[in-house]
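Below you'll find the structure, written out as structure tokens, and then a few comments.
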């Protein structure tokens, strides 16, 4: 165990301890008298002393000391009761600390660093022990308080767990604490007087991997868009990495891949996720992937046990997995034995007598008169009780009829619903519906087709092929007799070898149903397919149009699909599945797969096989973005680098090779290999899952590696692979070969050697079959992060490509703005309840519409990056800007609209900026219910006594009367040139416009000059509005001009009059300033305002001065989180007050 470092003098202990290992920083010592054969007198005395001491006072026989070079003071940092225990600590120090200490120049820094690290390890060990004892240990609560204080997140940001570790900054490690929360990875360090805080959103993580650097053999590297960060010196790095993988995977799929990702029920609410939930999810996903079970299956227990295996006449050690509808077993020795027992097939579960030879046994009996004996089960009583309860539920939900009249030598007893067919019906390829009353049955069950109708028609097969087929059938019958013939059969290495040889034609459909467990779905849903067909047929939509377009492209060279019978069956299956699963609907390549399924299975069976492939065996393959296929392509690239390094080195860009191999995965080689050969690949796929496709793909690349390395470009590599795959033959196929329609090379090329599919599959198992399901799932999890982030990057680049030509913002600044825009959307997903107007990220929408923000999110961004900050008025201006940009009135805006508005503010000409301000103060931006638009005026604005002559500070005067008349004439001419005339601004709107300008000038260096200038312009515009009012009422402008005689008040007093607070307004007795009809007639236009502003140079300078967006962006990146947190805390205050008594 690790010890709190305390200083000791080594020379006083020399006689009690013996040094066994040492290096320049650490010493491993053994106490005398322990582990010595004969023992000297000193050793005997020390041993006797330790033996008589009380157990609490005894000294551990092994210890590790920290020694700083040049110092006589040593510090014990670890002790152990056994050599194995102390060696583990010693190995950890050598791997994680020894090489690191060389970067320190000061010996005091070395001692401080090591002691701090050891104390952190002790704290972590303590918290781990407490976490096992109680749900919310005190240590975790302390860590939560520190997490909230250090990072100031809202309460909704739930902390999952925390670890002591080091974060590397260059060559220097920073000791601190790593906090993993539902949305972020955070690190805090205060070391040698320096504080370090890191916050990395999981949604920004582009790569998560274990690696090594110069100083450490094992680190965790987090890669984001611009940085790589290394974390090391964990007490248990494996545990930390698994939790990180789960958190990153769950968060990215929840936020970026909600198209095809359904969270487990325990993870639906992020604020309720715990470390145990993540560990349970990882175990659940492995369980479902290993046994290829439905996604809805929830794992209940994993128990060590042994299963009686009659073929080996012994008990095989392994683990039992129990879930909602299954009991499964997997041997500890990989590939030795695997059993899947659907509870539908189970008749009884009984406890046997406990004996020394058979400890804690139970017997599971199934309907095909087989029994499975499990022993060495802990907590047997509660296990059996839970299994019996679930067994009762399964049989209550899906009652089935069991037929025992079938010939067991040919096929297994099979359950089927009484609504399916009579007793002479068998699923599989051995025996179909009897000929008696076949016409009636065809009418009753018209969607159901016979597999024989789809088999290849033609001449009789050669005798040699027929004999080989009979030998295979005989071998399978022998296997059935020994290992079982139902879905509950013992699955061993022997059956894998039989599958690799190729399943006999007569057994293929039946075994596909068993291996995929589609037979269970078939029996559990009687009449389901027929109902789907009735509901879906006759409906016309985009999906059905796509299906119709591809029907005649499905195995067109096969006789079964050269007539309407086969085409109609294919149409029904695809349409029914699209109706069952609208999320997937129909995707290209589903037609090829389904047509092959129909060759070997009846129509309803083919439907359930398609369900098993699309929803269990190839998850996320068949959707809008084929994420699952892309993930497996990325995994395939990694396997190529590991297994075929020379080929990977020659082909620098493996993504080109992956694009060629994509069809291998989507169609299971059916579209690029002769059919009689490709069905053998499908055999292996149904037995071994996606692993079979990975290893066969590697075998194909290895076989063609020499030609690929000599190819000059991608097109030549594609030619090499196509020629090879087109010449993969099946010598054992009983039917005539079907011509391939995918070969496109010319006949004048030299012939390609023929490869037998059995040899290719055998090579794939022998050379590349060592990949386990767990390894593939871990790689999938890691590569899914890269694929999702690749899609995000594609979305970003497409949006920027559209926006860049239309704005003047620099591309690098535009990229920063996009990141801020996306992060604002994400923060609302982190901590707020979903609002109907702010939906989650939808990857199925066009690129520009995938991220949209609502009014609240826009207001925060406006405050952070807009140059038009107006103090308290900023929020009101942001609301108006949002209403202006929301042209379709859906209460959401896209990135393009947001940037276009900012571009005018930062880079627009003065007239563009004034036009934008003008539009912000007329409908629809300014509404009747606007928060700041109801202030009454203190005094009349349109008094006829107001002059057009203003006094200057030096005594001079300027007469604007003549300028005004000329300006109106010029503006009248300009109106004709305007493309679309904006509505004129009313008096109320004009007041709001002026208030915004005054707010914008606040704290400007030229504030006083700007206030004086705007007061002058305001008065000028008031006179323009009055002239327009008089002109509309029939009064001549000349008469109006003659009446304007009195002297004007000072600009400052004018400002006070116009913008006085309503609280200090006129007395109740004071009459209304002007009648409503006068107010309604008072208007000014955009041209009036623009021309008036141009008369003041200080205003022109203000609107034309260059603005720096970079400083705003830097500040926004630093303050975006804190602004959101402050807003949420303000919102929570009223709730707290309301809840208090």
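Numbering (the working numbering), first residue to last: 90 to 1230. Glycine residues also receive a C-beta, built at the ideal position from the N, C-alpha and C atoms. Note that the structure is a prediction, hence the values are computed from the model and not measured.
Relative to the Cα of residue 668, the nearest Cα in the group 629, 558, 247 and 973 belongs to 629.
Distances from the alpha-carbon of residue 249 to those of 337, 653 and 980 put 337 closest. Between residue 451 and residue 458, the CB-CB gap reaches or exceeds 8 Å. Per the coordinates, the alpha-carbon of residue 1111 lies some 14 Å from the alpha-carbon of residue 1073. Annotated as proximal: residue 204 and residue 94, with beta-carbon spacing under 8 Å.
Within the DSSP secondary-structure output, residue 169 pairs in a beta bridge with 151. Between residue 660 and residue 636, the beta carbon gap of about 6 Å places them in contact (Cβ cut-off 8 Å). The distance from the Cβ of residue 410 to that of residue 391 is about 6 Å, consistent with a contact at the 8 Å cut-off. The shortest CA-to-CA distance from residue 213 to any of 259, 283, 328 and 113 is the one to 328. Per DSSP, reduced to three states, the secondary structure at residue 948 is helical. The continuous beta strand (DSSP E) containing residue 274 extends over residues 273-280. DSSP, reduced to helix, strand and coil, places residue 1100 within a helical segment of the structure shown. DSSP, reduced to helix, strand and coil, places residue 957 outside both helices and strands of the structure shown, so it counts as coil. Judged by DSSP secondary structure, residue 408 falls outside any alpha helix (DSSP H) and instead within the beta strand (DSSP E) spanning 403-412. Here residue 1214 has 241 and 243 as same chain residues with Cβ atoms under 6 Å from its own Cβ, once five neighbours each way along the sequence are excluded. At the C-beta level, residue 290 and residue 558 stay beyond 8 Å of one another. Our two residues, residue 263 and residue 182, have alpha carbons roughly 17 Å apart in a direct line. Judged by DSSP secondary structure, residue 811 falls within the alpha helix (DSSP H) whose first and last residues are 803-815. Rounded to the nearest whole angstrom, the C-alpha separation of residue 801 and residue 736 is 13 Å.
Around the CB of residue 653, fewer than 16 other CB atoms lie within 10 Å, so the residue is classed as exposed. If you ignore the 5 residues before and after residue 814, its C-beta comes within less than 6 Å of the C-beta of 761 and 762, all in its own chain and listed in chain order. Residue 734 carries a helical assignment under DSSP once its states are collapsed to helix, strand and coil. Residue state for residue 690 is assigned as coil, using DSSP reduced to three classes. When DSSP states are grouped into helix, strand and coil, residue 261 belongs to the strand group. Taking a C-beta distance under 8 Å as the contact criterion, residue 323 and residue 254 qualify as a contact pair. DSSP links residue 419 through a beta bridge to 408 and 427. In this structure residue 759 is in contact with residue 681, their Cβ atoms being roughly 5 Å apart against a cut-off of 8 Å. Here residue 1003 is near residue 1182, since their CB atoms are less than 8 Å apart. Residue 1108 and residue 341 have their C-alpha atoms roughly 57 Å apart. For residue 900, the uninterrupted alpha helix (DSSP H) run begins and ends at 900-920, by DSSP. Between the region 376-388 and the region 700-717, the count of C-beta pairs closer than 8 Å reaches three or more; the two stretches touch. Residue pairing of residue 283 in beta bridges, as defined by DSSP: 280.
Using a Cβ distance threshold of 8 Å, residue 1077 and residue 1014 do not count as a contacting pair. Looking at the DSSP output, residue 971 sits in no beta bridge, so it has no partner there.
For the pair residue 605 and residue 665, the CB atoms are not nearer than the 8 Å cut-off. Our two residues, residue 591 and residue 774, have alpha carbons roughly 12 Å apart in a direct line.
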